[in-house]
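Engineer: Numbering (my numbering), first residue to last: 417 to 773.
The C-beta atom is built at its ideal place from N, Cα and C for all residues, glycine as well.
Quantities reported herein were computed from a predicted structural model and do not represent experimental measurements.
1. Leaving out five residues on either side along the sequence, give the residues of the same chain with a beta carbon under 8 Å from the beta carbon of residue 626.
2. Grab the span of the beta strand (DSSP E) containing residue 690 for me, first residue to last.
3. Any idea which residues DSSP pairs residue 547 with across the strands?
4. Can you tell me where the beta strand (DSSP E) with residue 564 in it begins and where it stops?
5. Ends of the beta strand (DSSP E) at residue 642?
6. I need the boundaries of the alpha helix (DSSP H) containing residue 583, first residue and last residue.
7. Can you pull the DSSP bridge partners for residue 519?
8. Alpha carbon to alpha carbon, what distance is there between residue 537 and residue 582?
9. How would you call residue 620, buried or exposed, if buried means at least 16 neighbouring beta carbons within 10 angstroms?
10. Which partner residues does residue 660 have in the DSSP bridge list?
11. Along the chain, where does the alpha helix (DSSP H) containing residue 613 start, and where does it finish?
12. Using only the alpha-carbon positions, how far apart do residue 478 and residue 518 sit?
13. According to DSSP, is residue 710 part of a helix, a strand, or is it coil?
14. Going straight from the alpha carbon of residue 458 to that of residue 523, what length do you get?
15. Could you tell me whether any non-hydrogen atom of the ligand SAM is closer than 7 Å to the CB of residue 750?
16. Mind the definition here: the region 501-520 touches the region 470-477 only if three or more C-beta pairs lie below 8 Å; say whether that holds.
17. Helix, strand or coil for residue 733? Go by DSSP, reduced to three states.
18. Can you say whether residue 742 is buried or exposed, counting buried as having 16 or more other CB atoms within 10 angstroms of its CB?
19. Applying the 10 Å Cβ sphere with the 16-neighbour rule, what's the burial state of residue 760?
20. Once you ignore the five residues that flank residue 770 on each side, which residues in its own chain have a CB closer than 7 Å to its CB?
21. Taking the alpha-carbon positions, what's the residue 697 to residue 707 distance?
22. For residue 765, report the span of its beta strand (DSSP E) as first-last.
23. First and last residue of the alpha helix (DSSP H) that includes residue 666?
24. What did DSSP end up calling residue 533 once you bin it into helix, strand or coil?
25. By Cβ distance, which residues of its chain are closer than 6 Å to residue 701, with the 5 residues on each side in sequence left out?
26. Compute the Euclidean distance between the alpha carbons of residue 689 and residue 607, then round it to the nearest angstrom.
27. Considering only the beta carbon of each residue, do residue 820 and residue 605 sit closer than 8 Å?
28. Among 558, 504, 600 and 565, which one has its Cα closest to the Cα of residue 424?
29. Run the CB neighbour count on residue 699, radius 10 Å, all protein chains shown included, and call it buried at 16 or more, exposed below.
30. Taking 8 Å as the threshold (C-beta atoms), are residue 662 and residue 638 in contact?
31. Just verifying my parser: in three-state terms, what is the DSSP assignment at residue 727?
32. Per DSSP, what kind of secondary structure is residue 527 in: helix, strand or coil?
33. With 16 other CB atoms within 10 Å as the buried threshold, where does residue 628 fall?
34. Just grab the DSSP bridge partners of residue 655 for me.
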């Protein structure tokens with residue numbers, strides 16, 4: 417989350433170092449360091465409360481929005497909430513409350529950016545600044561900011577969760593996946609134990625493990641597009657203006673007709689055996705064509721970086737005693753998140769690699 421917010425908005429989140437404060441700004445308070453420092457003032461306990469509230473409201477808004485697909489009456493409920501007929505504790509009432517909080521934070525961030533001198537804004541190269549250079553429409557920029565959060569907040573974390581589960585499952589079956597990771601990371605990091613961009617780029621097996629996790633455990637398992645004009649699909653199916661066409665990356669990944677007889681298996685070597693990259697219309701987790709995900713390469717690199725650093729530090733992990741089988745999914749959810757209580761692992765650091773790191 418910290419890395420994504422820095423790139424997307426130019427503001428550090430400081431979730432790992434919430435008490436970290438820069439040089440005082442001369443007013444008797446520390447200068448703002450992150451989103452909630454802007455919204456709620458200088459870093460203090462209120463800022464920590466703000467961070468927790470943000471997570472709670474954003475998660476709740478996502479869950480209720482995802483659940484609308486299974487509540488045909490949601491539009492009526494929304495009208496009744498606005499009219500004061502339904503209580504604030506109803507689903508639509510809670511969604512309204514959460515989105516009001518999210519909007520308040522986002523608009524505060526936008527206002528802070530608009531108040532910056534134009535010369536200072538021109539020097540920024542974060543994604544929000546690029547969009548602000550095109551339009552000053554606050555509502556449009558708010559939508560863009562929320563969209564970035566949806567795309568970057570949970571996706572990498574969810575992928576890493578499934579990756580760690582798959583590796584732990586393979587360790588239980590003595591398939592040697594973690595040993596292959598360790599050998600590759602140690603070889604490419606070298607005696608300097610450096611995980612440079614070049615070293616990470618050479619880690620083909622670690623990259624294959626990430627790609628296979630993204631394929632089999634699509635973070636967004638169901639997606640779709642709305643036709644802006646009448647169209648006809650290659651098979652002759654008419655798609656009228658306003659119609660939605662859905663595709664299901666989760667099901668596609670398990671289709672033997674697309675990925676072979678072992679489609680439903682987590683097998684990283686399939687990526688090493690390929691002569692060329694699969695079509696993005698087949699491997700469509702990041703979508704395809706002109707609307708392919710802007711952060712695809714960043715997301716893959718971020719996941720591989722986390723994995724490589726932990727492996728280099730000597731971390732090993734295993735599943736605790738319990739039933740076999742894939743963990744249940746959280747429902748409703750926009751992303752393919754594990755149901756509570758999430759993923760529990762037994763962690764162990766090998767002493768020698770840890771001291772060397």
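Structural biologist: Reading from the atomic positions:
1. Hits under 8 Å: 575, 579, 716, 719, 720 and 723.
2. Per DSSP, residue 690 belongs to no beta strand (DSSP E) and is neither H nor E.
3. DSSP, once it has assigned bridges, lists no residue as partnering residue 547.
4. Taken as a continuous stretch (DSSP letters only), residue 564 belongs to no beta strand (DSSP E), being part of the alpha helix (DSSP H) at 554-568.
5. Note, residue 642: beta strand (DSSP E), 639-642.
6. Here the alpha helix (DSSP H) through residue 583 covers 571-588.
7. BP columns for residue 519 are empty, so no partner.
8. Going from the Cα of residue 582 to the Cα of residue 537 covers about 44 Å.
9. Exposed, because fewer than 16 other Cβ atoms sit within 10 Å of the Cβ of residue 620.
10. Residue 660 is bridged to 642.
11. 613-617 is the extent of the alpha helix (DSSP H) around residue 613.
12. Distance between the alpha carbons of residue 478 and residue 518 is about 11 Å.
13. Of the three classes helix, strand and coil, the one that applies to residue 710 here is coil, per DSSP.
14. Note that residue 458 scores 35 on pLDDT, short of 50, meaning its location in the model is unreliable; the coordinates nonetheless yield the value given after this. Going by the C-alpha atoms only, they are around 18 Å apart.
15. No copy of the ligand SAM occurs in the structure displayed, which carries no ligand at all.
16. Yes, the region 501-520 touches the region 470-477.
17. Under the three-state reduction of DSSP output, residue 733 falls in the strand class.
18. With fewer than 16 Cβ atoms within 10 Å of its Cβ, residue 742 is classed as exposed.
19. The residue is exposed, with fewer than 16 neighbouring Cβ atoms inside 10 Å.
20. Legend: pLDDT at residue 770 = 45, less than 50; position of this residue unreliable, value from coordinates given subsequently. Non-local beta-carbon contacts of residue 770 in its own chain, meaning distances under 7 Å to residues more than five positions away in sequence, involve 729 and 730 in chain order.
21. Taking the straight line from one Cα to the other gives about 12 Å.
22. Counting along the chain, the beta strand (DSSP E) containing residue 765 begins and ends at 762-765.
23. Per DSSP, residue 666 is one residue of the alpha helix (DSSP H) stretching across 665-669.
24. Under the three-state reduction of DSSP, residue 533 is assigned to coil, being neither helix nor strand.
25. Correct list, in chain order: 630, 634 and 665.
26. Distance between the alpha carbons of residue 689 and residue 607: 29 Å.
27. With the chain running from 417 to 773 in the structure shown, residue 820 is simply not present.
28. Checked all of 558, 504, 600 and 565; the closest Cα to residue 424 is 565.
29. Residue 699 is buried by the Cβ-count criterion.
30. Closer than 8 Å, so yes.
31. The answer is helix: DSSP assigns residue 727 an H, G or I state.
32. Correct three-state label for residue 527: helix.
33. Answer is buried; the Cβ neighbour count reaches 16.
34. According to DSSP, which records beta bridges pairwise, residue 655 is partnered with 647.
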